[in-house]
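So the sequences go chain by chain: A and B.
The first sequence maps to residues 71 to 397 in this note's numbering.
The second sequence maps to residues 487 to 964 in this note's numbering.
All C-beta atoms, glycine included, are put in the ideal place defined by N, C-alpha and C.
Here the structure is laid out as structure tokens; the discussion comes afterwards.
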Amino acid sequence: MSTTVPTDPAPGLAAYSEVTASEASLRRFLHGLPGVDQVGAEARAAGLGTRSIKTTAKAWALDLAIRMVDLTTLEGQDTPGKVRALANKALRPDPADPSCPSVAAVCVYGDLVGEVKAIVGSQVNVAAVATAFPSGRASMAVKLADTRDAVAQGADEIDMVIDRGAFLAGHYLQVFEEIVATREACVRPDGSHAHLKVIFETGELQTYDNVRRASWLAMLAGTDFIKTSTGKVQPAATLPVTLVMLEAVRDFREATGVQIGVKPAGGIRTTKDAIKYLVMVNEIAGDDWLDPDWFRFGASTLLNDLLMQRTKMTTGRYSGPDYFTLD
Amino acid sequence: MGFEYAPAPESRSIVDIKASYGLFIDGEFVDGRGSSFKTINPATEETLAEVAEASDADVDLAVKAARRAFRGWSRMSGKERAKYLFRIARIIQERGRELAVLESIDNGKPIKESRDVDVPVVAAHFFYYAGWADKLEYAGLGPNPQPLGVAGQVIPWNFPLLMLAWKVAPALACGNTVVLKPAETTPLTALLFAEICQQADLPPGVVNIVTGAGGTGQAVVSHPDVDKVAFTGSTAVGKAIARAIAGTDKKATLELGGKAANIVFDDAAIDQAIEGIVGGIFFNQGHVCCAGSRLLVQESVADEVLARLKRRMGTLRVGDPLDKNTDIGAINSAEQLGRIRELSEIGVAEGAERWAPACDLPSSGFWFPPTIFTGVTQAHRIAREEVFGPVLSVLTFRTPAEAVEKANNTPYGLSAGVWTEKGSRILHMASQLRAGVVWANTFNKFDPTSPFGGYKESGYGREGGRQGLAAYLKGADA
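Written as structure tokens, this is what we have:
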């Protein structure tokens with residue numbers, strides 16, 4: 071998924087150059103976005119959660135969900151052995167069934183990118199968290215060095231965190247400039263760039279108004295994806311937060327012509343939940359986003375539940391957990 | 487390939503529809519002395535059952551049974567009456583799936599609504615009024631409040647079981663007995679409710695259910711031994727009832743039509759306002775007396791709101807009411823479909839612009855696509871008359887004062903909606919709007935604790951909440 075950095079911003083985006091010209095204009099713009107009514111947004115998400123996805127639709131959704139998984143391990147105890155095992159699982163999630171697709175990416179800390187890359191090659195992407203993940207509390211120089219290091223090791227995708235402290239203090243332009251700088255740090259010597267995902271840590275931003283503002287801020291700064299959470303803070307991804315972000319990417323494309331991806335991460339553990347997210351993608355953003363290029367699940371335990379349901383669909387039986395690999 | 491939802495039909499095997507039904511009088515199902523009529527599934531036009539049409543003599547028997555039962559029921563302690571109501575509420579929950587499926591089959595409403603709205607709210611009403619039965623002297627309606635006697639209740643087809651609950655639960659909690667006539671096109675859940683009364687061992691005659699059409703309803707409300715008339719339905723019939731009982735001792739509550747304004751200001755939370763507009767008019771196929779059938783949108787955001795509304799309407803799923811993914815079900819009857827079509831054609835003839843998303847409608851049954859009319863003014867008939875279908879008239883306004891003026895400029899006054907992120911404006915609008923219910927940043931929310939009722943031609947009296955007790959107690963003004 072390496073693309074060349076466009077020399078000029080998309081024509082639709084150019085119209086927003088004045089918005090990001092100063093702290094004051096950016097603040098005016100973000101605070102001028104329509105509000106989000108919490109009760110209404112949660113009711114809409116819950117309503118979509120009652121859709122009943124069965125038979126052929128379920129089989130289709132299961133394979134798509136597997137292809138959208140960013141198989142993740144972000145622990146202090148991660149070792150080369152652990153991530154190699156995960157990389158193999160990413161390639162062949164269900165060794166008993168060759169028709170089972172690979173996942174989208176393996177997501178690890180930057181120092182382990184090489185271990186994963188050696189196994190998955192170009193078949194599955196390697197995503198690295200960067201910018202002093204998960205807190206984002208480090209100097210800009212450190213964050214950019216963190217990013218460049220991961221890119222140099224071969225990361226296809228960079229999952230950065232925003233400085234929530236700066237955002238909550240109202241220093242929107244600082245957050246904007248950090249994203250712009252990180253995106254520049256994603257550029258490889260050949261001019262291509264690692265895909266950038268911007269993590270908001272919505273559990274710390276707390277309000278849906280903040281989530282909407284952060285989404286627009288990151289999109290204007292040129293991110294490729296917006297992502298809910300690090301997985302280290304509760305609540306992590308929720309349906310209503312993802313709803314607000316899907317509305318943002320939908321509206322952003324309408325305004326600028328630029329399509330941005332969405333990645334809920336953390337707390338999505340069951341097939342039932344994953345299907346609720348896919349229904350929401352379908353009915354809020356539209357089917358252009360029903361593709362691993364535009365929607366991902368940041369998850370670890372979700373994959374095995376998807377595999378168990380997939381096997382149930384094809385064999386008619388549930389198999390025990392020992393029939394699925396634990397990596 | 488897109489995400490095509492496979493059919494997900496709720497099984498109808500849980501309901502057992504009999505070939506024919508009699509009347510429920512004095513705790514028993516009895517044959518009617520009059521003729522009978524068929525009730526059909528509006529989604530398929532298949533005949534579901536043959537139902538007795540209660541004659542004047544049948545109604546008289548029902549009222550006599552209610553009168554006999556009143557003596558014991560009204561003297562029973564509130565605590566004992568509450569036990570029956572709690573029992574009924576629990577049985578409704580236990581048989582919730584059965585009630586929901588039957589309601590969707592007979593009415594045409596989507597199963598997701600009968601399952602997630604109608605039946606839970608029905609149970610909630612019985613639980614709520616069960617709680618009042620032994621606390622009536624603390625309701626602020628005077629010491630030792632007394633029931634009225636026999637209540638004659640006539641209910642509509644749009645929420646058959648829910649309207650039954652709104653009427654029966656407070657009447658019984660206050661110690662009245664009832665004779666209830668369900669709508670001609672939707673009698674089946676009321677008859678299943680009669681079965682639930684038997685299952686709950688409710689004393690015979692406390693609840694009597696007489697099926698039939700307008701003539702039966704007329705016999706119920708004009709029966710000399712009926713002390714209280716409660717009616718929900720059209721304004722025309724409401725007026726006829728008011729005339730029929732004028733000069734008698736009968737008390738009445740009438741919950742009639744509406745032409746509610748759903749007012750969207752330029753600072754509204756726009757995505758949620760769109761949901762509120764959609765829920766306000768397309769919930770229950772627009773067969774809702776308090777439906778937000780007039781969208782008043784501030785002119786400065788009208789284009790954006792309309793564009794978003796149209797996109798959202800494109801995702802509505804119209805079809806089989808029993809499919810769990812259906813958003814909009816069938817129109818309840820051929821007659822109602824005719825009325826919706828007629829008013830829509832008048833809208834076009836009067837120059838309003840009609841728009842509906844592309845949607846495949848089933849070949850049998852009664853269907854109407856979700857539809858909006860733009861370029862509508864107060865001078866258009868579709869902005870004044872109740873369509874009672876999935877048809878929204880879109881009007882614009884410039885200032886809050888103009889919004890209030892237009893919203894109130896209707897013979898009705900049942901409900902209104904206000905969408906703004908400004909709290910002070912919500913309070914101001916609520917004080918200015920002449921409507922029984924004003925929803926702020928939401929729409930079509932029903933709760934047993936909240937009174938419901940209209941201004942002007944939308945009727946009088948309140949149902950629900952503590953105020954709902956007043957309609958069934960002596961000396962207390964509803």
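- At least one beta carbon of chain A lies nearer than 8 Å to the beta carbon of B:Ile756.
- For secondary structure counted as the beta strand (DSSP E) over 3 or more consecutive residues, the stretch 634-718 of chain B holds these complete runs in sequence order: 636-640, 663-667, 693-695 and 714-718.
- Put simply, of B:Glu888, B:Val664, B:Leu955 and B:Gly815 the residue whose alpha carbon is nearest the alpha carbon of B:Gly594 is B:Gly815.
- Here DSSP, grouped into helix, strand and coil, assigns B:Pro495 to strand.
- Using a CB distance cut-off of 8 Å, A:Asp140 does not count as an interface residue toward chain B.
- In the three-state scheme derived from DSSP, where H, G and I count as helix and E and B as strand, A:His101 is classed as helix.
- Shortest Cα-Cα distance from B:Leu740 to any of B:Gly724, B:Asp752, B:Thr734 and B:Asp753 involves B:Gly724.
- For B:Ser910, the enclosing alpha helix (DSSP H) starts and ends at Gly909 to Gln918.
- Within chain A, the residues Thr120 have their CB atoms less than 8 Å from the CB of B:Asp602, given in chain order.
- Take the alpha-carbon of A:Gly151 and the one of A:Tyr393: they are about 22 Å apart.
- If you compare the alpha carbons of B:Glu943, B:Ser901, B:Arg911 and B:Glu907 with that of B:Trp925, the shortest gap goes to B:Ser901.
- A straight line joining the alpha-carbon of A:Leu396 with that of A:Ala135 spans about 19 Å.
- Interface with chain A (8 Å Cβ-Cβ cutoff): B:Phe489 is included.
- Spanning the alpha carbons of B:Asp789 and A:Gly119 requires a straight line of approximately 30 Å.
- The straight-line gap separating the alpha-carbon atoms of B:Leu666 and B:Thr675 is approximately 12 Å.
- When 9 Å is used as the limit between beta carbons, B:Lys565 is near no residue of chain A, the shortest such separation being about 37 Å.
- Sixteen is the threshold: since fewer than 16 other Cβ atoms of the shown chains lie within 10 Å of the Cβ of A:Thr340, the residue is exposed.
- Among the CB atoms of chain A, one or more fall inside 8 Å of the CB of B:Glu761.
- Classified as buried, A:Asp164 has 16 or more neighbouring CB atoms from the shown chains inside 10 Å of its CB.
- Beyond the five residues adjoining it in sequence on each side, B:Lys653 comes within less than 8 Å, by CB distance, of Ala637, Gln639, Ile641, Val664, Leu666, Ala716, Thr718 and Glu949 in the same chain, given in chain order.
- If you draw a straight line from the Cα of B:Tyr491 to the Cα of B:Asp502, it is about 29 Å long.
- Against B:Glu907, the close residues of chain A are Gly105, in the order they occur along the chain (beta-carbon pairs closer than 7 Å).
- In the three-state scheme derived from DSSP, where H, G and I count as helix and E and B as strand, B:Lys892 is classed as helix.
- For A:Asn352, the nearest CB of chain B lies under 8 Å from its own CB, placing it at the interface with that chain.
- Contact of B:Lys595 with chain A by beta-carbon distance below 9 Å is absent, the smallest such distance being about 15 Å.
- By the 16-neighbour rule on beta-carbons within 10 angstroms, A:Tyr388 is exposed.
- Rounded to the nearest whole angstrom, the C-alpha separation of B:Lys810 and B:Ala957 is 37 Å.
- In its chain, beyond the 5 residues on either side, Thr272, Val281 and Thr298 have a beta carbon closer than 6 Å to the beta carbon of A:Val311.
- In summary, the residues of the stretch 925-951 of chain B whose CB is separated from some CB of chain A by less than 9 Å are Asn927 and Thr928, in the order they occur in the chain.
- Contacts with chain B (Cβ-Cβ distance below 7 Å) from the stretch 351-379 of chain A involve Asn352, Glu353, Asp357 and Leu360, listed in chain order.
- Relative to B:Ser541, the option among B:Leu802, B:Cys660, B:Leu509 and B:Met799 whose CA is nearest is B:Leu509.
- Distance from the CA of A:Pro362 to the CA of A:Ala264, rounded to the nearest whole angstrom, comes to 16 Å.
- B:Thr812 is outside the set of residues whose beta carbon lies under 8 Å from a beta carbon in chain A.
- Shown here, B:Asn930 sits in coil according to DSSP, grouped into three states, outside any helix or strand.
- In the DSSP assignment, A:Asp229 forms a beta bridge with A:Val199 and A:Lys267.
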